[in-house]
Amino acid sequence: MAQLQSLDPHTSMFAQFKEKTGQIVLVNTFVVPKERTDAFLALFRKQAEFMKAQPGFVSLRMHQGTAGSQLLLNVAVWESTEALAAALSNPEFQRVAAEFPDDVVSYPHIFEEIAA
5 MAQLQSLDPH TSMFAQFKEK TGQIVLVNTF VVPKERTDAF LALFRKQAEF MKAQPGFVSL
65 RMHQGTAGSQ LLLNVAVWES TEALAAALSN PEFQRVAAEF PDDVVSYPHI FEEIAA
């Protein structure tokens, strides 16, 4: 399973799930060893298909850093933190998440829009 790290050392992902929100954006930065990129993306696509079918899912996009970067960035929009938390706690999601290699590091964080 990928290593989960807090992007903001003052606010854990689990603390963010306690907030009742409207629409949110989950930004998840992954550090993926170059030799694992293709395998990681195959697993990500499998996970994304599951998430797209979950209540409260709005959209997602995966981005890759340029110039040989090992960073991948997932930006997912959800109707609420409650909807995201329910999807992440689903046993099927947990099963797929466990397939990600231990040398992948994930930095998830939840954001709310405050200005356009």
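In the working numbering, each residue's number is its place in the sequence shown (first place is 1) plus 4. A virtual CB, placed ideally from N, CA and C, is assigned to each residue, including glycine.
DSSP three-state assignment for residue i, whether helix, strand or coil
| i | result |
| --- | --- |
| Ala80 | strand |
| Thr33 | strand |
| Gln74 | coil |
| Gln58 | coil |
| Gln7 | strand |
Residues of its chain near residue i, where Cβ-Cβ distance is below 7 Å and the 5 sequence neighbours each way are ignored
| i | result |
| --- | --- |
| Phe54 | Glu96, Phe97, Val100 |
| Ser10 | Ser16, Met17 |
Spatial neighbours of residue i in its chain, beta-carbon cut-off 8 Å, leaving aside the 5 residues before and after
| i | result |
| --- | --- |
| Ala87 | Gln58, Pro59, Gly60, Phe61 |
| Phe34 | Ala6, Phe44, Leu75, Leu76, Leu77, Asn78, Val108, Val109, Ser110, Tyr111 |
N-terminal and C-terminal residue of the alpha helix (DSSP H) that residue i is part of
| i | result |
| --- | --- |
| Phe18 | 17 to 20 |
| Phe115 | Phe115 -> not in any alpha helix (DSSP H); beta strand (DSSP E) instead, spanning 109 to 115. |
| Phe97 | 95 to 101 |
Extent of the continuous beta strand (DSSP E) to which residue i belongs
| i | result |
| --- | --- |
| Met66 | 61 to 68 |
Beta-carbon separation (whole angstroms), residue i vs residue j, contact threshold 8 Å
| i | j | result |
| --- | --- | --- |
| Leu64 | Ala80 | 4 Å |
| Lys38 | Gln74 | 6 Å |
| Thr85 | Ile114 | 6 Å |
| Gln20 | Glu83 | Not confirmed; about 15 Å, so no contact. |
Cβ-based neighbour list, residue i, same chain, cut-off 6 Å, excluding 5 preceding and 5 following
| i | result |
| --- | --- |
| Leu8 | Ser110 |
Spatially closest choice to residue i from the options, by CA coordinates
| i | options | result |
| --- | --- | --- |
| Thr174 | Met5, Asn94, Ser84, Leu76 | The requested residue 174 does not occur in the structure, where the chain is confined to residues 5 to 120. |
| Val31 | Phe104, Ala90, Met66 | Met66 |
| Glu117 | Glu83, Glu103, Ala43, Val29 | Val29 |
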